[in-house]
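A short write-up of the structure that comes next.
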Amino acid sequence: LQAEGSPEPSMAPPTILTLILCFLSNALLSLQSKEVVLLDFSKTQGDPGWLIQPPGKWDFLQNVMNGSLIYIYSICHIQEGDQDNWLRTNWIYRSDAQRVFIELRFTVRDCNSFPGVSGACKETFNLYYTESDTDHGTNLHKKFFSKIDTVAPDEITVRDDFASRNVRLNVEVRSVGPLTKKGFYLAFQDIGACVALLSVRVYYKQCPAVVQGMAHFPETVAGANSQDLAKVEGKCVENAITEGNDEPTMHCNMDGDWLVPIGRCLCQAGYEKVGDQCQACKPGFFKSEASNSLCQPCPAHTELSSEGATSCMCQDGYFRATMDPISSPCTSSPSAPRELTAAGTGSKVMLHWLPPSNTGGRDDVIYVVTCELCLLDQTECRTCDGIHFSENPHHLKATALTISGLEPHLNYTFTVEARNGVSSARSAGSYTTLRVILSQTEPPKVTSVNLDSRSKTSLSLSWSVAPRQHNRVLKYEVAYNKKVRNCHYLDGYRCLCEVIAIIWMDTEPEGMNQAAIVGGAAAGVIFIVLLIGFVLFVHQRRRNGQGRQSAEDVYFSKSEMKPLKTYVDPHTYEDPNKAVLKFTTEIAPNAVTRQKVIGAGEFGEVYKGILKLPGKKEIPVAIKTLKAGYTEKQRIDFLSEASIMGQFCHHNIIRLEGVVSKYKPMMIITEHMENGALDKFLAGSRRGTDDQNLLTLSVSWTS
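For the sequence shown, the residue numbers in mature numbering (1 follows the signal peptide of the UniProt record, and there is no 0) are -33 to -1, 1 to 670.
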């Protein structure tokens, strides 16, 4: 016999789940299922001893096919009418099978090849099975068998094929399950066909052992039917762990195919995926987390790692910030800022610097600016207070900063430190410092002089200096002069006192400096005495016997104690704030209370109010304000007016108490004139005042 062609085996009708799985065929692993053979008639050596009923109907033959000796069971009783011939296999041990597959290789003769027997001739045979826990021996027990299927050939061997010894071989596969007993029998029923069985192979399917997703899945027996999917949990390979909380699982279907796994395993930190295994990272490489990625080389500025490293340690002097990933290079703190400079205008200073030449390998460099107030000899320093920064000085990204509210005559030391994300790991900072002194050559200003008590022979005085300027004062000089005139005394003597704060300046050696002070003081006293004598002489002659007024001034006046001063036009100052700082006293806004509007001027409204300075009594004042929305020119004119008023100190000129220039609204505070403006007062009083009184008033005003 010579076989020709092997048609594909026909399958049982698909179920709904089978159709779904076919639709999802891409979700199946392309792994060949494993077949476990329980019976293979084609490999038998000699007669297998299958039961034939009735005896002698089936023939056991041997033949040569493709040069190999084969054994076959055949039957061809087509001329004897109705046939019922059985061929039963020996008892087959089921093993772990839940469903078995029966593969049949056979030939069937064409009934037309036998003339005159077409009515009794068949071209099919029936396949049966029965389960049992024991071998029944030679007892057939037909009633216990169940029909699996009627087997029909796809190819029929016709007369010409048989004559040329070219038979047409058929291959059909049937399955049966689920099986529950220890073993089973198969039986073939002939009903009048001419059939030859060349092979009967019985097997069941397994899903093969496989490593999938870094998890090992063992061999698993296929399910009994298409709806029965065997769920199998995998075990991670060595040095791997599960991803998340889901254990890796796969499902083995009826055909012995694995479904795509759910969940997977990842190589632990310090191990990389190589094929289906996890291998330790080589020296100089690391892997910081569980994944199936490769190990990475150690980043810059790290030590050489050992085998299986999860990280690379930073070299000495290099660090990682808390938020830096372990895979990032190690970095260092930056160097100090460069070329720190300062430019001052009035009470403001603008600092400017260049970024550090070495950022430490990071892009998160910030700057921290601090201020200290120190004595000139740097023996004592303290943190600055009362100053204002244009930006947060503790987290600067820009390379410039403006500081306002600085006082003159003080030694400010500004420190600019460069920091980045790893600066906290080092104890020493990277900074540069700059010393700034505003108007160092001018002494601190005595803001006010108070008469605390007096007697016939003594006076008790007190005066005020800005608190932050106390450490600049070396000594105070108090000068006094008793003023006596040939006039009518109102309330006794008044003594005019002047207090001057003196500072030390290293311009000349000490001896030369003291000589200059003594000589200058003597010359000044002689000049003042001569000037006062000349003025009194001229004034006395002008009065020429008129009614004598008080021999004392109504106010303590500093102007009569000082040498004649040259008036300075504040517009000559490039910055009007400097003129205000020099000629006026800055008053805190909370010391001023506005009560009611008493007029309006070019710059804004004028109020009557109260001035209450620390340690002093409340006094009525006039408050001139700068209106909102002012122009730059109006601001300059407003400050210039205050600077002009601050240069005069005379009892016949309105007295400037101070200014509020650092807060809005800006204010000029002067003494309050109960009778209003002088011109309006004179115009309103002209009818009730005789010429003699007007002359007296004029002389008093000019004196």
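C-beta atoms are modelled at their ideal positions from N, C-alpha and C, and glycine is treated no differently.
Remember, predicted model here, so these are calculated numbers, not experimental data.
Could you name the residues of the same chain whose beta carbon sits closer than 7 Å to that of T91, not counting the 5 residues immediately before and after it, in chain order?
T117, V118, A119, A160
One or two residues paired with H183 in a DSSP bridge:
V178, K202
In this structure, what does DSSP give as the bridge partners for M217?
V199
Could you pull the DSSP bridge partners for I158 from this structure?
Partner(s): none; I158 has no beta bridge.
Which class does L164 belong to by DSSP, given the choice of helix, strand or coil?
strand
The beta strand (DSSP E) enclosing I333, as first and last residue numbers
333 to 341
Identify the residues that DSSP records as bridge partners of P264: which are they?
F252
Go through its chain and collect everything with a Cβ distance to V204's Cβ below 8 Å, but skip five positions before and after it.
V178, M181, A182, H183, C232, D243, Q244, C245
How far does the beta strand (DSSP E) with M634 in it reach, from first residue to last?
634 to 638
Taking the CB atoms as reference points, tell me whether Q46 and I158 lie closer together than 7 Å.
no
For R602, name the three-state secondary structure that DSSP assigns.
helix
How close, in whole Å, do the beta carbons of D331 and G388 come, if the pair is a contact with beta carbons under 8 Å?
5 Å
Whole angstroms is fine: what's the gap from R66's alpha carbon to P145's?
5 Å
Mind checking L321: buried by the 16 CB within 10 Å criterion, or exposed?
exposed
Would you please state the rounded distance, in angstroms, between the beta carbons of T293 and S255? I believe it to be under 8 Å.
Checking the displayed sequence, the identity of residue 293 turns out to be Ile instead of Thr. Between S255 and I293 the Cβ distance is about 4 Å, and since that is below 8 Å, they are a contact.
Can you check DSSP and say which residues form a bridge with H319?
T308, A367
Just tell me which of S62, K575, P543 has its CA closest to the CA of A189.
S62
Minimum C-alpha distance to A549 - residue among V573, L606, Q12
This sequence places Lys at residue 549; Ala is not what is there. Of V573, L606, Q12, the residue nearest in Cα terms is L606.
Cα separation between F8 and P185?
30 Å
Exposure label - S300; buried when at least 16 CB within 10 Å:
buried
Could you tell me which residues DSSP puts in a beta bridge with G353?
Partner(s): none; G353 has no beta bridge.
Look at the alpha carbon of N557 and the alpha carbon of H361, and state the distance between them as a whole number of angstroms.
29 Å
Close Cβ partners of P296 (< 7 Å) along its chain, the five nearest in sequence each way excluded
P266, A267, H268, G328
Inter-residue Cα distance where the pair is S314 and I354
10 Å
Do you know how far the Cα of E2 is from the Cα of N79?
39 Å
Collapsed DSSP secondary structure at V611 in the structure displayed
A quick correction: the sequence has Ile, not Val, at residue 611. Helix at I611.
C-beta contact flag for H639 and P581 at 7 Å
no
Just how far apart, CA to CA, sit K110 and V169?
23 Å
Alpha carbon of W53 to alpha carbon of I229, nearest angstrom
49 Å
Cβ neighbours of R76 in the same chain (closer than 6 Å, five flanking residues each side left out):
T124, C161
How about Y96 and V167: are their beta carbons less than 7 Å apart?
no
Where does K240 fall in DSSP's three states?
strand
What are the partner residues of D7, as DSSP defines its beta bridges?
R168
Between the alpha carbons of D419 and N619, how many angstroms are there, rounded?
24 Å
If I follow the unbroken beta strand (DSSP E) through F550, where does it start and stop?
Element bounds for F550: not the beta strand (DSSP E) but the alpha helix (DSSP H), 543 to 550.
Determine whether the beta carbon atoms of L261 and T399 lie at a separation below 7 Å.
no
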